[in-house]
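Below: one structure, written as structure tokens.
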Amino acid sequence: MIINEAQLRSQLTKAMAEAVDERETYDAYFGEAKPGVDYGVARADGVMPLDMQFMWEYAGYVVDYISNHGVDALDIAERAGNLFLAYEAFKGLKSDFADDEKQKLHNAVIETLHELSDLK
Amino acid sequence: MASNPKGDPTYLFSEVRAFVLAGGGVWSVIAFWLLGVVSFAFLSLSILFGMDTIIGFSPFLPQFNLLINSDPHGLVAWLDTAMVTFEAARGHTSLDPVSWLILALVCAILFFAHMSRFAKPHGESLLDSPEARPVARTLLDQFGYFRDIQFPFAANGIPVTDFFAYRNVFFAPKGQVSRILKGKPSDNQQKVVTFFMAHEYAHAVTRDNLANSVFLVVVSLLVFMFLFLFGPIMVYGAAIMGNTPLGPLVGIPITLVLFVLFCAGVVSSFYGMAISYIKAREFFADQAAFRFVDVGMMPYGDLEDRPRPSAFSALSSSISPYERALHHKGVSLHARNLLVFFWGFCFGIRSLYILVAPKELCWTVLGFDLLALVAFAGLFVTLPKRPDAGVGKPSLPWLLTFLAIFAIEMAGPGQAGAVKMLNSGFFSNGNAQLMGIPGLSLFVIFFFGCLFFGFKKLAALGHSSENRLKGSLLRRFLLFSVQSVSAALGFFVFCVVGLIFCLAPLGFFLHARFFDAGLLLTLGALGLLIVGLVLLFHQYRLFFVSKLRLFVAVVLAETVIVFALVNVAYIVDLDVLVGARQGEVRPQGDLHWLVHLFSKADWSPALYFAAISTIFYLALRVVGFVARVELTRIEKTMTWGSNR
């Protein structure tokens with residue numbers, strides 16, 4: 500099965516967002532883009548929340564790794580723990596996630612990747 | 286410094302305020318207001334002088350129509366005699382306080398239409414949620430000024446993702462306060478919220494929404510004046526330029542394209558002023574927020590390696606992540622576009638003024654020049670710097686301003702010069718130089734400026750590895766053109782409604798003519814006025830609000846008006862032509878004459894002609910609306926896409 504990179508990235512982000520109870524936020528920022536209501540010109544629009552940014556970038560990191568190294572999704576699922584550590588160290592993005600929530604994110608990624616390799 | 290030690294009476298907001306009022310930003314606000322006030326004053330004068338000119342010209346209109354249709358060569362000789370009496374026949378509306386009152390009323394309507402286009406937000410307070418209350422309380426106590434933090438409800442099923450302030454309430458999108466709402470640890474989220482409180486408060490200090498609305502009223506007046514006085518001349522000019530030996534099959538499309546290009550250039554260079562100002566204000570608000578809320582992170586997220594937005598972002602009021610990243614570095618990509626658009630804007634105002642002002646008063650335009658140049662100097666010094674070389678300057682403003690200057694030059698000084706060649710009494714030398722010399726200099730400067738940018742772009746094409754966010758530029762350009770044609774058409778009907786339904790009955794009442802007129806006429810005028818004002822208000826809103834229901838209502842009303850007016854225009858025009866063939870002058874503009882004309886006219890060709898025109902009008906409007914919705918959707922998707 501061939502998976503589109505952009506699609507996989509969204510899928511991973513969505514899974515993580517669901518794991519930390521931010522599904523609503525995911526829909527608000529990644530749902531269909533429609534022109535909204537005008538509240539005045541002095542506004543800051545479409546700024547993504549830090550946590551969302553954190554998850555989105557992490558999903559991108561995993562997808563990049565897969566596409567660069569061409570490894571099996573199942574392998575990645577096993578290495579996901581190291582990937583997460585590397586991501587945090589290199590990207591240095593801030594988020595408010597506590598350790599247990601980071602564990603949930605991590606699990607969500609592994610689960611999604613496992614589901615994909617089961618489909619194969 | 287996000288933290289404010291307990292017991293310290295100074296709130297964060299007062300520091301932001303002091304910073305905003307002490308920095309160069311406040312001087313740019315003052316300079317911009319100065320420019321707005323001066324432009325408004327001279328545009329108002331131009332409108333009244335324009336009325337005087339039309340009044341002065343109207344007795345000559347039948348004779349002019351006769352000559353141009355039967356004996357164009359006789360025009361030159363006739364001009365000699367007409368010029369002498371023209372000055373004496375000029376109207377005196379500019380001295381009439383009633384006409385000033387009418388103008389003020391119209392401006393007030395436009396202003397309220399602008400303010401009312403902003404939706405009134407509804408949201409839920411964080412103070413009402415037991416989990417969020419302590420955090421929200423602390424944030425509010427630290428910052429001051431705001432008395433509530435709310436998250437806006439989704440509007441029409443679309444979640445709101447904007448930060449903004451409405452009076453003393455700060456609105457943050459739900460996703461940005463989700464952890465606070467759930468009572469989870471939220472240190473970074475609180476810092477981001479504080480950052481945007483400082484950002485929105487900086488906007489509130491300089492009244493940015495108000496300044497934008499006021500300035501858009503000025504721009505609307507300018508567009509109105511421009512289309513009304515220069516529109517017909519521009520069609521004529523475009524027709525001359527589109528004249529090829531290949532005949533009308535090629536000539537008419539070229540004429541249309543030129544006309545649309547000129548209109549789009551002029552209107553978008555006026556509009557560009559307002560957009561550049563919004564960009565400058567965003568820059569200053571970000572500066573205030575970055576300075577005082579040291580979050581140790583980017584509140585806009587990771588902005589490394591963001592693609593540069595396409596050329597159109599110079600005309601779009603939303604700020605791309607690329608521009609935000611530049612704000613963090615202390616520069617702004619688009620704010621200094623104001624200094625380019627300035628020339629098209631001011632040249633338009635002063636050319637209109639000189640053309641319609643009485644001969645002996647034309648020199649007063651120097652007052653406008655002086656004050657506008659003072660404002661320009663102020664803006665030049667205080668506006669944020671552009672990024673260093675390497676990041677290319679936006680060239681779209683240069684192109685649009687060049688188009689605007691070209692169009693104005695052709696329609697104003699160019700045509701006046703041509704008439705002056707035929708009849709030297711038409712314009713005094715002094716006045717001709719007053720208008721011609723700045724026009725020529727600007728034309729030359731912008732012509733070579735555009736050539737320079739063009740060559741630079743061509744040279745850069747070869748070795749360009751720049752990762753630009755293009756997003757179907759050609760498609761958007763086409764949609765933009767279609768939309769601007771439809772908007773120009775809408776503006777024309779808007780002007781017609783304003784003149785016939787609003788200005789005429791307003792004049793009737795304010796001059797107290799109802800004492801002589803019968804009850805029936807007074808009631809009719811009152812009805813006309815009410816219908817006109819309601820329609821005008823909604824027509825104007827339609828330029829800025831794209832709602833289907835509003836569009837359908839306004840366009841249906843406009844369709845009826847267009848149909849009726851085309852009928853009238855056809856019959857009157859036919860009468861003028863018949864008169865010209867028989868060599869006699871027909872009286873025009875008289876109500877009794879019109880009634881007489883309609884009673885004996887043959888209506889079937891008129892109805893046929895009007896039906897075709899109305900269908901054409903309707904089609905253009907509908908296509909324009911679809912293009913507009915599609916364009917908004919593409920832009921929104923692109924802004925979001927670049928965020929991800």
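One line per chain: the protein sequences are A and B, in this order.
Counted from 1, the first sequence has number 618 at position 119 by this note's numbering; the numbering is strictly sequential.
Counted from 1, the second sequence has number 481 at position 196 by this note's numbering; the numbering is strictly sequential.
Every residue, glycine too, gets a C-beta built ideally from N, C-alpha and C.
Query: Three or more C-beta pairs closer than 8 Å, one from the stretch 499–509 of chain B and one from the stretch 319–326 of chain B: is that the case here?; Result: yes
Query: Within the same chain, show all residues whose beta-carbon is closer than 7 Å to that of asparagine 239 of chain B, passing over the 5 residues directly before and after it, in chain order.; Result: Residue 239 of chain B lies beyond the residue range present for chain B, which begins at 286 and ends at 929; the question has no answer from this structure.
Query: Specify the secondary structure class of serine 617 of chain B as computed by DSSP and reduced to three states.; Result: coil
Query: Could you name the residues of the stretch 601–619 of chain B whose beta carbon sits closer than 7 Å to any beta carbon of chain A, in the order they occur along the chain?; Result: Ser602 and Ser603
Query: If leucine 905 of chain B and leucine 386 of chain B are in contact, beta carbons under 8 Å, what's the gap, nearest whole angstrom?; Result: Contact flag wrong, Cβ pair sits at about 36 Å.
Query: Output the residue ranges of the alpha helix (DSSP H) runs that lie fully inside the stretch 513–566 of chain B and measure 4 residues or longer, sorted by chain position.; Result: 516–526
Query: Can you say whether glutamine 552 of chain A is buried or exposed, counting buried as having 16 or more other CB atoms within 10 angstroms of its CB?; Result: buried
Query: Does glutamine 768 of chain B come within less than 8 Å of chain A when only Cβ atoms are used?; Result: no
Query: In angstroms with no decimal places, state the Cα-to-Cα distance between alanine 398 of chain B and threonine 446 of chain B.; Result: 25 Å
Query: I need the DSSP call for glycine 292 of chain B, collapsed to helix, strand or coil.; Result: Note that glycine 292 of chain B scores a pLDDT of 45, beneath 50, so its modelled location is shaky; the value from the coordinates is reported in the next line. Residue state, collapsed to three classes: coil.
Query: Using a threshold of 8 Å, state whether the C-beta atoms of alanine 516 of chain A and arginine 522 of chain A are closer than that.; Result: yes
Query: Any idea what DSSP makes of glutamate 409 of chain B, helix, strand or coil?; Result: strand
Query: In the structure shown, what three-state DSSP assignment does glutamate 751 of chain B receive?; Result: Its pLDDT being 47, under 50, glutamate 751 of chain B is placed unreliably in this model, and the coordinates cannot settle the point.
Query: Quick one: Cα of aspartate 365 of chain B to Cα of tryptophan 318 of chain B, how far?; Result: 44 Å
Query: Determine, using beta carbons only, whether serine 594 of chain A comes closer than 8 Å to chain B.; Result: yes
Query: Can you tell me whether glycine 909 of chain B is buried or exposed, with buried defined as 16 or more other CB within 10 angstroms of its CB?; Result: buried
Query: Below 8 Å between beta carbons is the criterion; list the residues of the stretch 394–417 of chain B that meet it against any residue of chain A, in chain order.; Result: Arg402, Phe403, Ala404 and Pro406
Query: Mapping DSSP to helix, strand and coil, what is proline 594 of chain B?; Result: strand
Query: If you draw a straight line from the alpha carbon of arginine 753 of chain B to that of leucine 611 of chain B, how long is it in whole angstroms?; Result: The predicted position of arginine 753 of chain B is uncertain, since its pLDDT is 49 and thus under 50; no value can be drawn from it.
Query: How many angstroms separate the CA atom of valine 508 of chain B from the CA atom of asparagine 567 of chain A?; Result: 55 Å
Query: Over the uninterrupted beta strand (DSSP E) stretch that includes valine 851 of chain B, give me the two end residues.; Result: Not the beta strand (DSSP E): valine 851 of chain B falls in the alpha helix (DSSP H), residues 833–867.
Query: So, alanine 457 of chain B versus isoleucine 434 of chain B, is the Cβ gap smaller than 8 Å?; Result: yes
Query: Inspect the beta-carbon positions of phenylalanine 513 of chain B and valine 578 of chain B and report whether they are closer than 8 Å.; Result: no
Query: What are the boundary residues of the beta strand (DSSP E) that proline 437 of chain B is part of?; Result: 433–437
Query: Can at least three beta-carbon pairs, one atom from the stretch 624–632 of chain B and one from the stretch 546–562 of chain B, be found at a separation below 8 Å?; Result: yes
Query: When Cβ atoms are compared, which residues of the stretch 472–503 of chain B fall closer than 8 Å to chain A?; Result: Asp472, Asn473, Gln474, Val477, Phe481, His484, Glu485, His488, Ala489, Asp493, Asn494 and Asn497
Query: Taking the alpha-carbon positions, what's the glutamine 475 of chain B to alanine 597 of chain A distance?; Result: 15 Å
Query: Is DSSP giving tyrosine 486 of chain B helix, strand or coil here?; Result: helix
Query: In the DSSP assignment, what residue or residues form a beta bridge with arginine 246 of chain B?; Result: Because chain B here runs from 286 to 929, residue 246 of chain B falls outside it and cannot be looked at.
Query: Which stretch, first to last residue, makes up the beta strand (DSSP E) that contains tyrosine 538 of chain A?; Result: Note, tyrosine 538 of chain A: premise wrong, no beta strand (DSSP E); not H, not E.
Query: Since alanine 316 of chain B meets chain A, which of its residues come closer than 8 Å, beta carbon to beta carbon?; Result: Residues of chain A passing the Cβ test: none, with the nearest at roughly 19 Å.
Query: Relative to the alpha-carbon of aspartate 574 of chain A, which residue among A:Gly530, A:Leu612 and A:Glu531 has its alpha-carbon at the smallest distance?; Result: A:Leu612
Query: Under 8 Å, Cβ to Cβ, is there at least one residue of chain A near phenylalanine 765 of chain B?; Result: no
Query: DSSP on valine 546 of chain A, reduced to helix/strand/coil?; Result: coil
Query: Chain A partners of tyrosine 585 of chain B, CB-CB under 7 Å?; Result: Val546
Query: Please list, in chain order, all residues of the same chain as alanine 596 of chain B whose beta carbon is under 8 Å from its beta carbon, the five residues on each side excluded.; Result: Pro679, Ser680, Leu681 and Leu758
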